[in-house]
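Which chain is which? The protein sequence lines are A and B, in order.
My numbering applies: residue 42 is where the first sequence begins, and numbers increase by one.
My numbering applies: residue 7 is where the second sequence begins, and numbers increase by one.
Just so you know, even glycine gets a beta-carbon here, dropped at the ideal spot from N, CA and C.
It should be emphasised that the depicted structure is a prediction, and the values quoted were computed from it without experimental measurement.
Inspection log for the structure reproduced underneath, given as structure tokens.
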Amino acid sequence: MSAPLLLLENLSISFPAEGGRVRVVEGVSLSIAPGETLAVVGESGCGKSITALAMTRLIPRPGRIEPGSRILFEGRDLLALPVTEMRAIRGARIGMIFQEPMTSLNPVTQVGAQVREAIQLHTRASTADARRRVVELFEMVGIPDPARRIHAYPHQLSGGLKQRVMIAMAMAMKPRLLIADEPTTALDATIRAQILDLIRNLSESTGTAVLLITHDFGVVNEVADRVAVMYAGEIVEEGTREEILANPQHPYAQGLLKSIPRADARGRRLEEIKGSVPRPGQWPTGCRFNTRCPHVFDRCRIEVPARTVVSPTQAARCHLVEQRSRA
Amino acid sequence: MTEASDPLLELHGLRAWFPVRSGVLRRTTGHVKAVDGVDLSIYPGETLALVGESGCGKTTVGRAILRLTEPTDGSVWFEGVNVSALPSAEFHRYRQRIQIVMQDPASALDPRFTVRDAIAEGMEAFNIGKDHDDRTARVAELMRKVSLDPETMWRYPHEFSGGQRQRICIARALAVEPSLLICDEATSALDVSIQAQILNLLSDLQKERKLTYLFITHDLGVVRYFADRVAVMYLGKIVEIGPTERLFAEPRHPYTRALLASVPSLDPARRRMRPAALGDVPSPEHPPPGCRYHPRCGVRLPECSLEEPPAVRFPDGMSRCVLARQDSDALAQ
């Protein structure tokens, strides 16, 4: 295995709350290899989006990354970089796209000019050269009639086309890592398929690694190489796409997959995960899933489970998995 | 499915157009044809899913049934009565029998109402229950039914989670004993583990109360699991109707095929999803001539851009495509 492109070590993120700071993400460690697509999946409030923002140091105040966290990108410690150097990486070596393209685009500027500005922020390209590059990029991301579309304003484009503009902007500087936070959640099914296909093809053709944040296991299966499952601010399981989808070990990952309505479950009850996700600061002691877990036993309520390696590529944080692996 | 019985609800040529005004005089310069000639029957006890992408008009169909949006043309028949022609005072009587549960339970509940009052509001409007105490007892019963603790009935909606609020909305809809429940993206805003809880609840309630569901959604996974029949809508028209298993196994309309092909697979042994529809959905203000799907269709014929294809009927449904006519001829032979 080659050296990781991105390495998160013991990442914790906190926000102030009544009675002190509350950690919304705790002890997250992850790595992404060059060219690889890693999906981080979880339900709302699990901390997946804020983890993605931390990678480019975009945590909104008053949130902060806790001491002891480390983010290494191409061997450099991002948390130790001066702001100017961080800016040079963000948008150039690391591209980003988000769920709602409308809120990421300036409504009063033509979309071509917005992408051009992004290029000129990072290079000394002349306006004419940058404009030519924008047309190329629009063509690359499948925007029909690119020479005309660069003059469009965001409101004149459909949701799918706006997301293509965002992808063009994110890919403009040939980043080594693309962070995509729920890039297709706001899109219709037929458009979602087009955009996922585009992300998959761009990653393959340019060798750009992708960190995909999603709540949708279908999307995971279609684009990811590896998967990390988050619950209550922690990674509870990670593995290859095949391992997580076919053979999940953590009861939360198992429960999530079983609760998806599928054709072969017709006429049968869906398996539920009882209760609801506890809020940050109200996480139980021991294993954070212990209030909802169907297999909970005494130890789960007392002791935080350690990361148990199940295969060279799969690991889970669960006492049951640990007991099974020892047996 | 109970095709033999009379439909509970029938839509005949339903249209809901919204005027587009422009210029200083705000003159009507066109119409957004959100619903443009929909025929549909829903039978007692079945779950009919109305699926389509945003802007196809599926939500407006639900609103037009309830007359939250007055239909421009066409009629809505409920239990054999043309309810779209009734004066609003008389329609009120039927309104009790048709209830709706919407996507966002946070905005569907008045934050100043306790849960007890939110659930009891409809009972008061329709004179259900003897008095205040009797209604409170009924609220407690309904809350137990949807797995909420009746002790919490004096709390306010913000004290509940999203899934619990959706249970409150379901209890409120059931409070007036409807026969038809319209679920408009009722589980779309919920996390998947909570969605499973709500789908199980809806399924239990349907068995117990013989409810009929019109399930409006964009989520084909939910449809395949939950619906008896499916109607696929595109740009204001229904393009295909059929029983769920047949429609998923052998879709007859190219748009249905494209929609199904765009559903991601959960089987790690195969990645299946492929973009099958070309380009974007056109604006409902300027739908393309002929078949509305033809600019995005991979198998279009020259005549598709000229003439609107008729609804071709099959023993188990309908498809609005010239190619379906060939299938239907083949079936007849």
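Cβ contact annotation for A:M127 (same chain, cutoff 6 Å, sequence separation greater than five): R98, in chain order.
With fewer than 16 other CB atoms across the displayed protein chains lying within 10 angstroms of its CB, B:D155 is exposed.
Chain B places a beta carbon closer than 9 Å to that of A:V318, counting this residue as a contact. Closest in alpha carbon position to B:I106, among B:R73, B:E256 and B:A237, is B:R73. For B:P249, the closest Cβ of chain A is not nearer than 9 Å. By the 16-neighbour rule on beta-carbons within 10 angstroms, B:W23 is buried.
Listed as beta-bridge partners of B:E246 by DSSP are B:V238 and B:S325.
Annotation for B:T223: the continuous beta strand (DSSP E) segment containing it runs T218 to T223.
Remark: fewer than three beta-carbon pairs, one from each stretch, lie closer than 8 Å, so the segment 25-42 of chain B and the segment 201-208 of chain B are not flagged as touching. Listed in chain order, the positions of the segment 141-170 of chain B with a beta carbon within less than 9 Å of a beta carbon of chain A are S167, G168, G169 and Q170. At least one beta carbon of chain A lies nearer than 9 Å to the beta carbon of B:D286. Under the 9 Å criterion on CB atoms, B:G227 is classed as interfacial with respect to chain A.
In the DSSP assignment, A:M271 falls within the beta strand (DSSP E) that extends over R267 to Y272. Within 9 Å of the CB of B:V269, the CB atoms of chain A belong to A230, A234 and G259, in sequence order along the chain.
Residue contact with chain A for B:P111: absent (no Cβ-Cβ distance below 9 Å to any residue of chain A).
Taking every protein chain shown into account, the CB of B:D116 has fewer than 16 other CB atoms within 10 angstroms, so this residue is exposed. Taking the CA atoms as reference points, A:G136 sits about 16 Å from A:S246. Within the segment 217-303 of chain A, complete alpha helix (DSSP H) segments of at least 4 residues are found at 230-247, 258-264, 282-287 and 292-299, given in chain order.
Going by beta carbons, B:C175 and B:M129 fall outside the 9 Å limit. Contact with chain B is absent for A:K89, since none of that chain's Cβ atoms lies less than 9 Å from the residue's Cβ. Residue state for B:Q105 is assigned as strand, using DSSP reduced to three classes.
If the five residues before and after A:G201 are omitted, its C-beta is found closer than 8 Å to the C-beta atoms of L228, D229, I232, Q235 and I236, all from its own chain and listed in chain order. Going by beta carbons, A:S110 and A:E50 fall inside the 9 Å limit. Look at B:P111 here: in three-state DSSP terms it is helix. DSSP lists B:H37 as the bridge partner or partners of B:P25.
Here A:K203 has P142, M143, L146 and P195 as same chain residues with Cβ atoms under 7 Å from its own Cβ, once five neighbours each way along the sequence are excluded. Within chain A, not a single residue places a beta-carbon under 9 Å from that of B:Q105; the smallest gap is close to 23 Å.
Residues of the same chain with their beta carbon placed closer than 7 Å to that of A:G308 are lacking, with the five preceding and five following residues left out of the count. For B:I200, the nearest CB of chain A lies under 9 Å from its own CB, placing it at the interface with that chain. The C-alpha of B:V182 is placed about 7 Å away from the C-alpha of B:I134. DSSP links B:N88 through a beta bridge to B:W83. For B:C189, the uninterrupted beta strand (DSSP E) segment begins and ends at L186 to D190. Rounded to whole angstroms, A:S53 and B:G169 show a C-alpha spacing of 28 Å.
In the structure shown, A:T78 adopts extended strand secondary structure according to DSSP, grouped into three states. Residues H259 and P315 of the same chain have their beta carbon placed closer than 6 Å to that of B:C327, with the five preceding and five following residues left out of the count. When secondary structure is reduced to three states using DSSP, B:E16 falls in the strand class.
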